[in-house]
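For reference, the structure discussed in these notes is given below.
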DNA sequence: ATAATCATATTGGTTGGACCAATGTACCAT
DNA sequence: ATGGTACATTGGTCCAACCAATATGATTAT
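Right under this line is the structure:
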């Protein structure tokens, strides 16, 4: 594609498509390899401290080149799952102790079946951190922030709609809140949690339907609370709703757990 | 190095070295390249939406191979600073809006001079999130957690010692707290914040000296509060100390700001 | 015996260049 | 206008070397 001048690029200018189609997973081969490596570690197939085969052998096992494998390894390192040392080898770390949010992000981003314990932990973290950001936003939001918040909240699609289900919308709303908190670290935090929104929204969508208050109304109420500067009220709105969701989810998970007896392993091999 | 059996590997078995030497930056070339790209973006040398030169040209400019450049690009993508699209090109994203914690982690991890605004935001986030984890730990820590906490806290080196200055020790302590919170997502959070401990501890070390209570004593007091299960008291200890630090830091930053008139730019080029 | 030194095989790090696959552009047919 | 098509450009992958660090074991010095 020969370029001409290509001045700018308005970033995300989505077509007005109404259909809800998955964006088509344009796999990068290193991502697939990475997923396999992660599964191998999380499933316990390889244990902490253990030494993995060399890059050459690993690449061959995965039927890819060292080049691609290395791209995967960089991220594996970054997630805190492995340590790669020149002249030595690739060592598995204890992910229960050393994995970081990039790991969670990766797992949430793809379809990976998460361990129930981790899932509940993520949800709790999401609840507490969201409340925190909301609280800060209530303290610092100025008039233009409120305006923007109300705009985003007003555009919230109806409960159950596919747009909302993608979690993209929750993300947009909370990103706006984070921007209003005037703390860029929290903006980064919300961005890191992006994958989590996509993970949880579909889980709660069932609960949403037939509820007394639509998400849109709830969020508009939240904006009001933020505008009034009442930190406690604002964070309480978030806490309350999310706590309800969590309890419902836990209840359902519990009964579903009972139904199948034991937890399945997610490992590959 | 011919292998034999290599059973396990006790992970970090540091020699009893007393000297405080930097671990020697064993640069991976892709890291250097990455740092340059990040600087280019953060400094505003290239703007959001803008299109970067192709991989081939970019690699040549950096005097590295495409292979190495690509490893850097993967992380640049992961930090939320750029979007790479096959057949199209590499586009700069708006880091103020889309960067995530991996970005902060990277910046904090190296010496990068952080913008004061971001620095204060990070500190506030650190304070709030630490208090949150402590609060949860107070709610859920069991006897063995307390024992481990007390052990780690007891080994805290004296204020001003080089060990403590590295931030590694703060990290260990808070990781133990996170483990006691029984929420693996928070364990991940602490791991993501690891670089921040290394960033802030040296800043506060000046304040530590000549203080009424050593860090060790403070933390032992914190463990007591956690043991008693008093969430409020426990988180209050953290909040109070960190708030003090923040205020002192802000005060100092302010006067230092006044002294030099304007903020320096950290960009390369 | 014990400790220091050295040679070496192994392993990750980097290179250069080739080819595959996706995509924007411009041009053409309808 | 609309839709198709050829093509140049750009990222994605592969391959096969060579460089650099390091664990290991034999050698040598003490």
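Residue numbers (the working numbering), protein chains in the order written: chain B, -11 to 257; chain U, -11 to 257.
Note that the Cβ used here is the ideal one computed from N, Cα and C, for glycine as well.
For this session: Can you grab the Cα-Cα spacing for the pair residue 101(B) / residue 23(B), in whole Å?
Result: As a working mapping, residue 101(B) is identified with position 113 in the first chain. As a working mapping, residue 23(B) is identified with position 35 in the first chain. Those two C-alpha atoms are separated by around 12 Å.
Problem set entry | Exposure label - residue 81(U); buried when at least 16 CB within 10 Å | Taking the second chain and counting its residues from 1, one reaches residue 81(U) at position 93. So residue 81(U) ends up on the buried side.
Problem set entry | Interface residues of chain U facing residue 59(B) [CB-CB closer than 8 Å] | If you number the first chain from 1, residue 59(B) lands on position 71. Ordered by position in chain U, the residues that pass the 8 Å Cβ test against residue 59(B) are 58, 59 and 62.
Exercise. In chain B, what lies closer than 8 Å to residue 175(U) by C-beta?
Worked result: On the second chain, position 187 is the one that residue 175(U) refers to. Correct list: 84, 85 and 87.
Problem set entry | Beta carbon proximity, residue 150(U) to chain B, threshold 7 Å | Taking the first residue of the second chain as 1, we reach residue 150(U) at position 162. No - not a single Cβ of chain B is within 7 Å of the one on residue 150(U).
For this session: Counting only the same chain and skipping the five closest in sequence on each side, list residues whose C-beta sits under 6 Å from that of residue 59(B).
Result: Stepping through the first chain from its first residue, residue 59(B) is reached at position 71. The answer, listed in chain order, is 18.
For this session: Consult DSSP for residue 256(U) and reduce its assignment to one of helix, strand or coil.
Result: The count along the second chain starts at 1 and reaches residue 256(U) at position 268. Low confidence applies to residue 256(U): its pLDDT is 38, below 50, so where it sits in the model is not reliable, and the reading given next is rough at best. Residue 256(U): coil per DSSP, three-state reduction.
Exercise. Pairing CB atoms from the stretch 148 to 156 of chain U with CB atoms from the stretch 61 to 68 of chain B, are three or more of them under 8 Å?
Worked result: no
For this session: Drop a sphere of 10 angstroms on the beta-carbon of residue 252(B), count the other beta-carbons inside from all chains shown, and report buried for 16 or more, exposed for fewer.
Result: As a first step, residue 252(B) must be located in the first chain, where it is residue number 264. Its pLDDT being 46, under 50, residue 252(B) is placed unreliably by the model, and nothing is read from it.
Exercise. Under 7 Å between C-beta atoms, does residue 68(U) make it to chain B?
Worked result: For the purposes of this step, residue 68(U) is identified with residue 80 of the second chain, where counting begins at 1. Yes, contact with chain B.
Exercise. Comparing the C-beta of residue 205(B) with each C-beta of chain U, is any distance below 7 Å?
Worked result: Counted from its first residue, the first chain places residue 205(B) at position 217. Residue 205(B) does not count as touching chain U.
For this session: Using a Cβ cut-off of 8 Å, pull out every chain B residue sitting near residue 92(U), in sequence order please.
Result: One-based indexing of the second chain puts residue 92(U) at position 104. Within 8 Å Cβ-Cβ: 173 and 176.
Exercise. Is the beta carbon of residue 258(B) less than 7 Å from the beta carbon of residue 126(B)?
Worked result: For chain B, the structure presents residues -11 to 257; residue 258(B) sits outside this window and is missing.
For this session: Tell me, please, whether the CB atom of residue 42(B) is closer than 7 Å to any CB atom in chain U?
Result: Within the first chain, numbered from 1, the residue matching residue 42(B) stands at position 54. For residue 42(B), the answer is no, since every Cβ of chain U falls outside 7 Å of its Cβ.
Exercise. Taking buried to mean at least 16 other C-beta atoms within 10 Å of its own C-beta, is residue 239(B) buried or exposed?
Worked result: In the first chain, counting from the first residue as 1, residue 239(B) sits at position 251. It counts as exposed.
For this session: Give me the Cβ distance between residue 270(U) and residue 78(U), rounded to the nearest whole Å; I'm assuming they're in contact under 8 Å.
Result: This structure cannot speak to residue 270(U), because chain U is shown only from -11 to 257.
Exercise. Name the residues in the stretch 97 to 115 of chain B whose C-beta lies less than 7 Å from a C-beta of chain U; which are they?
Worked result: 105, 106, 109, 110, 112 and 113
Exercise. Got a sec? Which residues, its chain only, sit under 6 Å from residue 158(U) by beta carbon, not counting five neighbours each side?
Worked result: What you label residue 158(U) is simply residue 170 of the second chain in a count that begins at 1. The answer, listed in chain order, is 185 and 189.
Exercise. Would you call the stretch 173 to 180 of chain B and the stretch 133 to 147 of chain B in contact, with 3 or more CB pairs under 8 Å?
Worked result: no
Exercise. If you check the beta carbons only, do residue 211(B) and residue 137(B) fall under 7 Å apart?
Worked result: For the purposes of this step, residue 211(B) is taken as the residue at position 223 of the first chain. For the purposes of this step, residue 137(B) is taken as the residue at position 149 of the first chain. Yes, these two residues count as a Cβ contact at 7 Å.
Exercise. Around the C-beta of residue 112(U), are 16 or more other C-beta atoms found within 10 angstroms, so that it is buried, or is it exposed?
Worked result: Within the second chain, the letter at position 124 stands for residue 112(U). Counting Cβ neighbours within 10 Å, residue 112(U) comes out buried, since at least 16 surround it.
Exercise. Residue 53(B) CB to nearest chain U CB: under 7 Å?
Worked result: One-based indexing of the first chain puts residue 53(B) at position 65. Taking Cβ atoms only, chain U never reaches closer than 7 Å to residue 53(B), which makes this a no.
For this session: Whole angstroms is fine: what's the gap from residue 222(U)'s alpha carbon to residue 116(B)'s?
Result: Residue 222(U) sits at position 234 when you count from the first residue of the second chain. Residue 116(B) sits at position 128 when you count from the first residue of the first chain. Approximately 17 Å between the Cα atoms of the pair.
For this session: Output yes or no for whether 7 Å exceeds the beta carbon distance between residue 170(U) and residue 128(U).
Result: As a working mapping, residue 170(U) is identified with position 182 in the second chain. As a working mapping, residue 128(U) is identified with position 140 in the second chain. A contact, by the Cβ cut-off of 7 Å.
Exercise. Which residues of chain B have a Cβ atom closer than 8 Å to the Cβ of residue 164(U), listed in chain order?
Worked result: The residue you call residue 164(U) lines up with position 176 of the second chain. Within 8 Å Cβ-Cβ: nothing; residue 164(U) doesn't reach chain B, min ~10 Å.
For this session: Give me the Cα-Cα distance between residue 167(B) and residue 175(B), rounded to the nearest whole angstrom.
Result: Position 179 of the first chain, counted from the start, is the residue given in the question as residue 167(B). Position 187 of the first chain, counted from the start, is the residue given in the question as residue 175(B). If you take the alpha carbons of residue 167(B) and residue 175(B), they lie about 6 Å apart.
Exercise. Tell me, which residues are paired with residue 39(B) by DSSP?
Worked result: Here the question's residue 39(B) lines up with position 51 in the first chain. Answer by DSSP bridge pairing, in chain order: 79(B).
Problem set entry | Other residues of its chain near residue 93(B): CB distance less than 7 Å, five sequence neighbours each side excluded | Translated into positions along the first chain, residue 93(B) becomes position 105. Once the five neighbours on either side are set aside, the close Cβ partners of residue 93(B) are 180 and 183.
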